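What follows is a short report on a single structure.
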């Protein structure tokens, strides 16, 4: 099997995680999308991307939550559910571990930089970072 083919299969698993991050995911389901055994997929994923599929999933969910916390008017509980967590406590703990502050404090600090509620404070953030973070230019 060529290296390129293995990489394409591995990417299929990563895409599966990204497309289904709101749903409960098992290693078996993710590995099936790559046509690999769960343990082989886990080992190759970690070697290739430097993080486990679960670490990638957590990072993806936290990034989505960060974006929603500053651009949406959903409660932290609603955001927790929208990014795939059923426990607010687990979500808050993971968010704190990844970001360094609790979700509510993260929102409060970023909104304090903006003149308008629910608006990304573009005047305080370089445009290149805002574009990368939000996927569009912040006005």
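In our numbering, the protein residues as written are 1485 to 1623. Cβ coordinates follow ideal geometry from the N, Cα and C atoms, glycine included. If you're wondering where the values come from, they're calculated on a predicted model, not measured in any experiment.
Secondary structure of residue 1508, DSSP reduced to three states: coil
Residue nearest to residue 1496 in terms of C-alpha spacing, selected from 1507, 1508 and 1525: 1525
Our contact map puts residue 1505 next to residue 1544 with C-beta atoms below 8 Å; I'd like the distance itself, whole angstroms only. 5 Å
Quick one, which of 1571, 1542, 1494 and 1551 has its alpha-carbon nearest residue 1527's? 1494
Kindly indicate which residue of 1487, 1518, 1502 and 1490 has the alpha-carbon position closest to the one of residue 1568. 1502
Roughly how many angstroms lie between the CA atoms of residue 1520 and residue 1490, to the nearest whole one? 10 Å
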